[in-house]
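Chains as they are written, first to last, in my numbering: chain A, 1 to 185; chain B, 186 to 604.
First comes the structure, then the notes that go with it.
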Amino acid sequence: MLENGEQIWTRIVHGESAALGELYDVLGGILYSLSFRILNDRWESEEVVQDVLSSLWRKPDAYSPKKGKLHSWLLTLVRNRSIDRYRSRSRRKDIVEIDEVILHTKPDLGATNAGDEAERSDERTALKKAFKSLPDDQQTILELSYFKGLSHSEIADATGLSLGTVKSRIRLGVEKLRRILSDLR
Amino acid sequence: MKDLHQTALDYCLGILPGHEVVEFEALIAKDPDATVAYTNALDDLGLIGQSSPEVNLASDLRQRILNIAECDNSSSTIPSALPRTSPPFHGLRYSGGGASVDLLDIRDTIKRSAVENIYETMIGLTPFVSGSSAASSGDLRELQEHLSSIPSSPENIPLASQIPLQNDYWANGKNGDLSSFSLKRVLLTSLPSLNFFISKLSSGEGGICDVRRVFYLCRDQLKIMRSCFGDLDKPRLSKDEEIRHHGTSLLRSKWWGANHTFVNQISKASLGHFFDGPITERCVEYAEYDSNVYSLANLLATLSSDKNFQINLYKDKIPDVSLAVITAPTIDSEHVRISQLFCAPEEISGEINQFSALVQLVLESVGRAFRFSNVADVLDSGLVGCERVDQSTSLWFSWPVILPLNQEGALAETSNPDS
C-alpha cells in the first residue's frame, strides 16, 4: 500500500508531476478495480480515476494529512463517485430492483485478467481472503452498503432485517475485517 | 449525535442525513475523538475497497493521467478579439433542440435512407464497444466479427459535399431549409473520425484505445443525429430532452489525448484550460455543443502543422458566456485559408467545400443559441472567430453560460450511447 502518501501529496502540492506518476503506479490499479467492481464499465471507471486524480492535482488542498491516509481518502472518493454514477445510471434505466443489485454484487470475473489476478500484492490477497472469510450475510450487507451504495433502510427492506441489525452487521463486519487483516499480517 | 464510529462510517459511506453531515464536519474540525473516528472509518472502508478483484488497466491510461500535469492552465490562448460585453440577448437561455427537423424534410430518399442506415449501424455497434464489452478488455474478436457483418461505412464526406448549404436560410429564417444543415452536421462532425476508427478496427490494426474512441464517437454521433432529426428515434430523444447537466469533465474524458481525424491526417488532442462545471442543460443541447467542438477540431486536426491541437474551455471571459477555444500550430498559408472561412458567406470565393461547411455549422448553431438573425451579425459579434497567435491558429465559439439559478437537476455521466 502507499507508505509515503504524505510525502507524495506534499510533492503534488509543489507541482511535481513525477509524484502523480508514482501515485498512479501504486494506487491506479486499486482505484480502478474498485470503481470497476461498482460500475462494471471500463470507460466509466477510467473516467472516475481520471477525475479523482485530476482533482487532486488541480486542487491538492482538498486533501490534508489531517483527513487520514491519502490512499484511504482517495479510495473513499473513488467509491463515492462511482456510487453516484451507479445511482444515476439506475435512475435513468429505472432499475433499482434489489435482486438485480444483489446479483451484480458478484464481481465480473470474465472481465478480470488472469495474470493480474496472480498474487501481485500480499496485502490485497490477504484482504480478499479476509473479506471472503466473513459470514455470507455480513458479506452481502457490506457489499450492498459499500459497493452498491444502498442506505441502511434500503438494505433493511431488501433483506428483511431490522435497521439496527443492518447497522450493527456493517459495523461488526468492518471491525472483523480489520481484526482478520491484523491477524494475517 | 449517534456514537462516533457509526456516524463516521455513515459519513464516509455518504448516507448520513444532510443536517448531521454539517454537524459531524464541525465536530471533526474541533474534536480529536471525532477526527480519529473519521480517519479510522476511512481506513476501515478502504480495506473493503481494496478487496475488489484486480482488473487490468488500459496501457495508455497512465500517460493520459500524467497529461493532467502537462495541461497548460494559463489563459494564454484567450483570443484578443473577443467581445467585452454580453451578447444583446436577455431572454430564456437556449438549451438545444433548435436544429431539429424531420427525416421527411430530406427530400432525397437516398440521403434519407443513408441517415437511417448510419443510425441503425451505430445503435447495433454500441454493445460491442461499450465499457462492459469484451473489446474494452482487449478481446476484439466479437467486435471484428460484428464489423465484418455490416455493410461498409458510408462515404459520408462525398455524400455531404453533394448537399448544398442553403444560403437563403439566414435570409428566410425558420422558413429556410434547415435540413441541409442537419444533414451536414450528421455527416461532417463526429462521423468522419468514427468511420476512420471503425475501419482501423475492422482491419485488425486497432487496440483498446481505438475501441474507447469509437465508443465516445459513437455515443456522440447518435446524440447528434437524434438532435438533428426529431423523428429518428423518439423514445431516446425524449430522454435526451430531459434536464440533465453536462459538465466539462465529459469533454475532458473523451478528448484527453485522443487521436482525431477528418481528412488526410490524424492529429492528437490535448487539453489546456478547462473550467469545472456544467456547460449544457440537456443532451440535445450537449449534442449541438459537441458538434461545434467537432467542427472546429476537424478543421485544425486536418490543418495542424505538427498534428497536434489543443482544446480550452473558459467561462467569465465574456459575461454570461462560456468559450471553447481550439488552437493548433499552422503554416501561414493554411491560416489564411482558414481565416477566409470566417468571412461572411457572400465573401467566400468559390464553391462551399467541407471546411467552410464546418464553419457554417458553427455559425448557424451559435447564431441560434444567441438569437441572431443573420450570419454577418454572428461574425460581427466576435462570438465565433479565428485569430493568428504567434505561429498558431485559434478558433473559438461561444455558448450561453448556465447561470447558478439553473444549476439543478441530475448530472450526466458517460453512459451507453443508446441510453
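We put the CB at the ideal spot given by N, CA and C, even for glycine.
Everything numeric in this text was worked out from a predicted model, so none of it was measured.
Check: Start-to-end residues for the alpha helix (DSSP H) that takes in Arg-37 of chain A; Outcome: 17-39
Check: CB contact check: Gly-231 of chain B to chain A, cutoff 8 Å; Outcome: yes
Check: With 16 other Cβ atoms within 10 Å as the buried cut-off, status of Pro-463 of chain B; Outcome: buried
Check: Gln-138 of chain B, DSSP secondary structure in three states; Outcome: What is shown of chain B runs 186 to 604, which leaves residue 138 of chain B out entirely.
Check: DSSP-derived helix/strand/coil call for Gln-450 of chain B; Outcome: coil
Check: Proximity test, Cβ basis, 8 Å: Gly-316 of chain B and chain A; Outcome: yes
Check: Endpoints, beta strand (DSSP E) assigned at Pro-377 of chain B; Outcome: Counting along the chain, Pro-377 of chain B falls outside any beta strand (DSSP E), though it belongs to the alpha helix (DSSP H) covering 376-387.
Check: Buried/exposed call for Ala-284 of chain B, threshold 16 Cβ in 10 Å; Outcome: buried
Check: Val-314 of chain B: CB within 7 Å of a non-hydrogen atom of the ligand ATP; Outcome: For the structure depicted, the ligand ATP is absent and the ligand set is empty, with no information on it obtainable.
Check: Closer than 7 Å at the beta carbon, the chain A residues around Gly-234 of chain B; Outcome: Leu-34, Leu-75 and Arg-79
Check: At least three beta-carbon pairs within less than 8 Å, the stretch 441-455 of chain B to the stretch 485-495 of chain B; Outcome: yes
Check: Any chain A beta carbon closer than 8 Å to His-190 of chain B; Outcome: yes
Check: Pairwise C-alpha distance: Val-469 of chain B and Ile-428 of chain B; Outcome: 10 Å
Check: Candidates B:Asp-218, B:Pro-273, B:Ala-222 and B:Lys-215, of which the one nearest Ser-566 of chain B by Cα; Outcome: B:Pro-273
Check: Minimum Cβ-Cβ distance from His-228 of chain B to chain A less than 8 Å; Outcome: Going by the sequence as given, residue 228 of chain B is Asp instead of His. Yes, its Cβ sits closer than 8 Å to a Cβ of chain A.
Check: Contact under 8 Å by Cβ, Gly-173 of chain A with Leu-227 of chain B; Outcome: no
Check: Sequence-distant residues of the same chain with beta carbon closer than 6 Å to Val-506 of chain B, five excluded per side; Outcome: Ser-583 and Val-586
Check: Status (buried if at least 16 other CB within 10 Å, exposed otherwise) for Asp-183 of chain A; Outcome: exposed
Check: Between the CA atoms of Gly-231 of chain B and Asp-418 of chain B - distance to the nearest angstrom; Outcome: 44 Å
Check: Selection of the stretch 545-578 of chain B by Cβ proximity to chain A, strictly under 7 Å; Outcome: none
Check: Glu-3 of chain A versus A:Asp-25, A:Gly-15 and A:His-14, residue with shortest Cα-Cα distance; Outcome: A:Asp-25
Check: Enclosing alpha helix (DSSP H) for Pro-217 of chain B [first to last residue]; Outcome: 217-235
Check: Short Cβ contact (8 Å threshold) for Pro-377 of chain B with Val-448 of chain B; Outcome: yes
Check: The stretch 34-51 of chain A touching the stretch 16-23 of chain A, judged by at least three CB pairs closer than 8 Å; Outcome: no
Check: C-beta atoms of Arg-37 of chain A and Asp-229 of chain B nearer than 8 Å; Outcome: no
Check: Selection from B:Gln-329, B:Thr-465, B:Asn-380 and B:Phe-400 that minimises the alpha carbon distance to Thr-433 of chain B; Outcome: B:Thr-465
Check: Spatial distance of Ser-476 of chain B from Glu-154 of chain A (CA atoms); Outcome: 41 Å
Check: Contact check, Ile-335 of chain B vs Val-371 of chain B, beta carbons under 8 Å; Outcome: no
Check: Extent of the continuous alpha helix (DSSP H) run through Asp-293 of chain B; Outcome: Unbroken run through Asp-293 of chain B: none, as it is neither H nor E.
Check: Cross-chain neighbours of Asn-40 of chain A in chain B, by beta carbon under 9 Å; Outcome: Gly-316 and Ser-317
Check: Outcome for Asn-225 of chain B when other beta-carbon atoms lying within 10 angstroms are tallied against a minimum of 16; Outcome: buried
Check: CB contact flag (His-430 of chain B, Ala-482 of chain B, <8 Å); Outcome: no
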